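Chemist: In our numbering, the protein residues as written are 132 to 334.
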Amino acid sequence: MRERRPRLARFLLPCLLAIWPAWAQETVALPEPIPTASSRTFDPHHTRFGFELRTRWGQRVSGQFPQYEGEVSTLADGRHRVRIVLRTGGVVVSGSDRYTALARGPNFFDAQHYPYIEFVSEPHPDTLVRTGGRMRGRLSMHGVTRMETFMLAKAECERPGRDCDVLATGSISREDYGLDGWQFALADRVRFMLRVRLVETAQ
132 MRERRPRLAR FLLPCLLAIW PAWAQETVAL PEPIPTASSR TFDPHHTRFG FELRTRWGQR
192 VSGQFPQYEG EVSTLADGRH RVRIVLRTGG VVVSGSDRYT ALARGPNFFD AQHYPYIEFV
252 SEPHPDTLVR TGGRMRGRLS MHGVTRMETF MLAKAECERP GRDCDVLATG SISREDYGLD
312 GWQFALADRV RFMLRVRLVE TAQ
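1) Going straight from the alpha carbon of D174 to that of L329, what length do you get?
2) Tell me whether V260 sits in a helix, a strand or coil according to DSSP, three-state version.
3) Write down every uninterrupted run of the alpha helix (DSSP H) in the region 240-324 whose length is 4 residues or greater and which is fully enclosed by it, in chain order.
4) Tell me where the beta strand (DSSP E) around R235 begins and ends.
5) So is M266 buried or exposed if we call it buried at 16+ other beta carbons inside 10 Å?
6) Under a three-way DSSP split, which group does H177 fall into?
7) Helix, strand or coil for G189, going by three-state DSSP, please let me know.
8) Starting from V213, trace the beta strand (DSSP E) both ways and give me its first and last residue.
9) Looking at C-alpha atoms only, which residue of Q243, G189, Y199 is the closest neighbour of G181?
10) Could you tell me if E331 is buried or exposed, where buried requires 16 or more neighbouring beta carbons within 10 angstroms of its beta carbon?
11) Which residues share a DSSP beta bridge with G201?
12) I'd like the span of the beta strand (DSSP E) that includes V330, first residue to last.
13) Is the beta carbon of Y245 less than 7 Å from the beta carbon of H273?
14) Are three or more beta carbon pairs between the region 182-198 and the region 313-329 nearer than 8 Å?
15) Within 10 angstroms of its Cβ, does G292 collect 16 or more other Cβ (buried), or is it exposed?
16) Taking the straight line between their C-alpha atoms, what separation do you get for R320 and R305?
17) In the DSSP output, which residue or residues are listed as bridge partners for G194?
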């Protein structure tokens, strides 16, 4: 009886070694990323990321995300992809320290547990910033990720993002992301506003 384990081990070990390379290769295989040719970051002198809500009584509550990062990448096939990361711990509600603290707190953006809001667009043609139109992408906020659509305004110059601002807006449902604080006082929709200019990324 004592020799059964060594014999079993001697039988199983070659089998495991034979299948190990194939198993490992299947586990780590990932889709090929879209190659990036170049990227530009946001110009802090001109870029603004804001949001707006309405109270149940029709009053407007607006705020800003002064702490952000991200880039606009030019892909190898010529299309563009936008990535925006907003830091919820830096959110500011205009004209109110109290509302600023509440917006960062556990009943709304909950910056302690969810410090970032991230938007990553689907690849889109470079002409979109000139003509205006829909820009779809993945929005991650408050532990939830959903596809959302932002509307880009038609550009007012030939080189939007360089000679003039790129403007975009998008509206999301608080309920979709579990932002259920102050339901008695605030309407469900949150409107995001983007005003962006770009600078070349240092190589």
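Where a beta carbon is used, it is the ideal one built from N, C-alpha and C, also for glycine.
Treat the numbers as computed from the prediction; the structure is a model and nothing was measured.
Modeler: With the given structure in hand:
1) 5 Å
2) helix
3) 259-262
4) It is not in any beta strand (DSSP E) - R235 instead sits in the alpha helix (DSSP H) that spans 228-235.
5) buried
6) coil
7) coil
8) 211-218
9) Considering only alpha carbons, the answer is Y199.
10) Burial call: exposed.
11) When DSSP reads this structure, G201 sits in a beta bridge with I215.
12) 329-331
13) yes
14) Short answer: they touch.
15) buried
16) 6 Å
17) F182, V224
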